Amino acid sequence: MASRRISSLLSRSIASSPSLLSLGGKSPHVSRGVHRYSTAAAAAAALEVPISPPVKVELTQLLIDGKFVDSASGKTFPTLDPRTGDVIAHVAEGDVEDVNRAVSAARMAFDEGPWPRMTAYERSKILLRCADLVEKHNDEIAALETWDNGKPYDQAAKVEVPMLTRLFRYYAGWADKIHGLTVPADGPHHVQTLHEPIGVAGQIIPWNFPLLMLAWKLGPALACGNTVVLKTAEQTPLSALYVGKLLLEAGLPPGVVNIVSGFGPTAGAAIASHMDIDKVAFTGSTGTGKVVLQLAAKSNLKPVTLELGGKSPFIVCEDADVDKAVELAHLAVFFNQGQCCCAGSRTFVHERVYDEFVEKSKARAIKRAVGDPFKAGIEQGPQVDSEQFKKILRYIRSGIENGATLQAGGDQLGSKGYYIQPTVFSDVKDEMVIAKEEIFGPVQSILKFKDLEEVIARANKSCYGLAAGVFTQNLDTANRLMRALRVGSVWINCFDVFDAAVPFGGYKMSGIGREKGIYSLNNYLQVKAVVTPLTNPAWL
Ligand code: NAI
Ligand code: MG
């Protein structure tokens, strides 16, 4: 798959679902686990008994030095099913000692093992085998992901796991194309640069796209010949362990990828502050990103890349095709239960089309199919955990209290699990909390604007700068906005287009550095300048 557009894939899979054909009705309606409602007052109704996941949890230990092992303390922690809050499995809890063991293994694999020393072509072939195995086990991996995270199975199976496969193949292609330069220096010297792996990479990933984040980080690190200690998020440890087993099966030598499940302040902090880790890559909240940067600075000054939060504008101009813009703006914010760092969470709409846009956005949100993520046709599952669930409900309350108009949703859905009604606010003002802070949930805030200069200033008035959507048919407007917006990605008449080759990362407090594409290789390489005198200047 050369390029994969999440939103178009979603609309295709959603449109083909028969359950969406029976929409509407005034009152909350539960049918075979699909929940729809049409008023903000929709009562909390019980969703059906959850569907049994079509997979078993087999791996719960830490992956260190090519073996699955218990944590040094013997401690475990429960990982929960967001559909119910029930325990799925108890997972080994990594802490400082386990991180030390993992780093020793990664260090040994880097300093003495075959991985950095084998030909780049051999590394490439192993990465291709990893991709083949992930592809073969696509559906089991997707099922684990849905169970642990709550995202619709269709999305995990048709988007996220295939993107992991694609990322591995993309970076397998880079492995034997990494090389330095010959530099034309002044004077009688032959100068060249060697591009060398950086060493042991520490990688800390979040729970919203556990497999994509794993792929964005492992792919370039491994292609460049590094070894890795990866910490998954405590909410979603399961899918990475499954992938870890496949990496071993594909022939990755022991110690090249070590996976430590565990919590941030313990295992995560141990990685960020480890003296023997040469680089750390983090994705998560801006607050934790700052902590990681501080820990790296206080320890060995390891270089840090950060992919953090956002409050991305989605700008609908007066000439936009309103129906298309409504659909895309909806997907831009509601995709993945709203748990996207680049969610288009500030929908700016030109005043001439504002009222029509609000009406249609409300109708679209009401039609959104919410329910058991294992059920076909479901667009939205539960939020990942009770902490996120409560945080989102607090933001919704603050929107109401601050005077935004609640058009749809506004409450939890059902009494079990972490389901939230797709929520739409209109008349949102820039200074409201819901327009400034990252909600990370299914909540759309629609703001009105009059002209381009005004919307540019307001869109840029944020501490974040991750992404933006622009909806217009006017080329001049598109050109003006793409240059004026201070963000790492601009999607014009599209959104959430994620391709392995396209860089992603943030301006301002949305992060440091870029992931994916050729840009991510630089995060995992050292550049060594090598100078040799030319004994005869005439050779120059
Ligand atoms: P978080 O940033 O605390 O967690 C992300 C990762 O960092 C997890 O693996 C966690 O264990 C680790 N971590 C936490 N504290 C750490 C520390 N002191 N040292 C090293 N690693 C540490 O995010 P959390 O608490 O899961 O979610 C809070 C908010 O963050 C969300 O509501 C959302 O707004 C935002 N977020 C943004 C993400 C993004 O993709 N940019 C992803 C996840 C959360
Ligand atoms: Mg879980």
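Residue numbers for the sequence shown follow the working numbering, so the first one is 837 and each next one is one higher. Built from N, CA and C at the ideal position, the CB exists for glycine as well. Given the structure is predicted, the values throughout are model-derived calculations rather than measurements.
| query | result |
| --- | --- |
| Bridge partner(s) assigned by DSSP for Val1185 | Val1152, Lys1284 |
| Proximal residues to Trp1010 (C-beta, below 7 Å), its chain only, five neighbours per side dropped | Ala1059, Leu1357 |
| The segment 1130-1140 touching the segment 1166-1180, judged by at least three CB pairs closer than 8 Å | no |
| Residue burial classification, Asp1221 (beta-carbon count within 10 angstroms, cutoff 16) | buried |
| Backbone CA spacing between Asn1372 and Ala1021 [nearest angstrom] | 15 Å |
| Exposed unless 16 or more other CB atoms sit within 10 angstroms - verdict on Gln957 | The residue you asked about is not Gln; residue 957 is Tyr in the sequence shown. That one is exposed. |
| Sequence-distant residues of its chain with Cβ nearer than 6 Å to Ser1346 (five each side left out) | Leu1144, Gly1146, Tyr1300, Gly1301, Leu1302 |
| Terminal residues of the beta strand (DSSP E) in which Ser1325 lies | 1325-1328 |
| Extent of the continuous alpha helix (DSSP H) to which Leu1370 belongs | From DSSP, Leu1370 is part of no alpha helix (DSSP H); its letter is neither H nor E. |
| Bridge-paired residues (DSSP) for Val1019 | Val1027 |
| Sub-8 Å separation of Ala925 and Thr915 beta-carbons | yes |
| Simplified DSSP assignment, three categories, for Gly1098 | strand |
| Where the alpha helix (DSSP H) containing Thr1124 begins and where it ends | 1122-1134 |
| Beta-carbon separation (whole angstroms), Ile1214 vs Pro988, contact threshold 8 Å | 5 Å |
| Proximity below 8 Å, CB of Arg1322 to CB of Lys1352 | no |
| Distance CB(Gly1120)-CB(Pro1042) smaller than 8 Å | yes |
| Length at least 4, wholly inside the segment 912-950: the alpha helix (DSSP H) runs in chain order | 932-947 |
| Proximity test, Lys1227 beta-carbon vs the ligand NAI heavy atom, cut-off 7 Å | yes |
| Close-in-space but distant-in-sequence residues of the same chain around Arg1204 (CB under 7 Å, 5 per side omitted) | Phe1170, Glu1215, Gln1216, Pro1258 |
| Coarse secondary structure for Val893, derived from DSSP in three states | coil |
| Within the segment 1051-1090, ranges of the alpha helix (DSSP H) (whole runs, at least 4 residues) | 1074-1085 |
| Validate contact between the segment 1170-1184 and the segment 1278-1289 using beta carbons, cut 8 Å, 3 pairs | yes |
| Proximity to Pro952 [Cα-Cα], best of Ala1336, Gly1091, Met1049, Gly1098 | Gly1091 |
| Which listed residue (Leu1074, Tyr1360, Val1367) has its alpha carbon closest to that of Val1064 | Tyr1360 |
| Cys1150 versus Glu1274: straight-line alpha-carbon distance, rounded | According to the sequence shown, residue 1150 is Phe rather than Cys. Going from the Cα of Phe1150 to the Cα of Glu1274 covers about 14 Å. |
| Selected residue, minimal CA-CA separation from Val970, among Glu894, Pro950, Met999, Gly986 | Met999 |
| Proximity winner among Thr1102, Gly1123, Ser1281, relative to Lys911 (alpha-carbon distances) | Thr1102 |
| Status (buried if at least 16 other CB within 10 Å, exposed otherwise) for Met1111 | exposed |
| Other residues of its chain near Phe1099: CB distance less than 6 Å, five sequence neighbours each side excluded | Glu1070 |
| Opposing strand residues paired with Pro1218 [DSSP bridges] | Note: Pro1218 sits in no beta bridge, so no partner. |
| Distance between Phe1307 and Ala1365 (C-alpha atoms, nearest Å) | 46 Å |
| Same chain only: Cβ atoms within 7 Å of Met1049, ignoring 5 sequence neighbours per side | Ile1041, Pro1042, Thr1119 |
| The segment 1259-1278 in contact with the segment 1222-1240 per 3-pair CB rule at 8 Å | yes |
| C-alpha distance - Pro1073 paired with Ser1234, whole-angstrom precision | 32 Å |
| Complete alpha helix (DSSP H) runs within the segment 970-1005 (minimum length 4 residues, chain order) | 974-985 |
| Span of the beta strand (DSSP E) around Phe904 | 903-905 |
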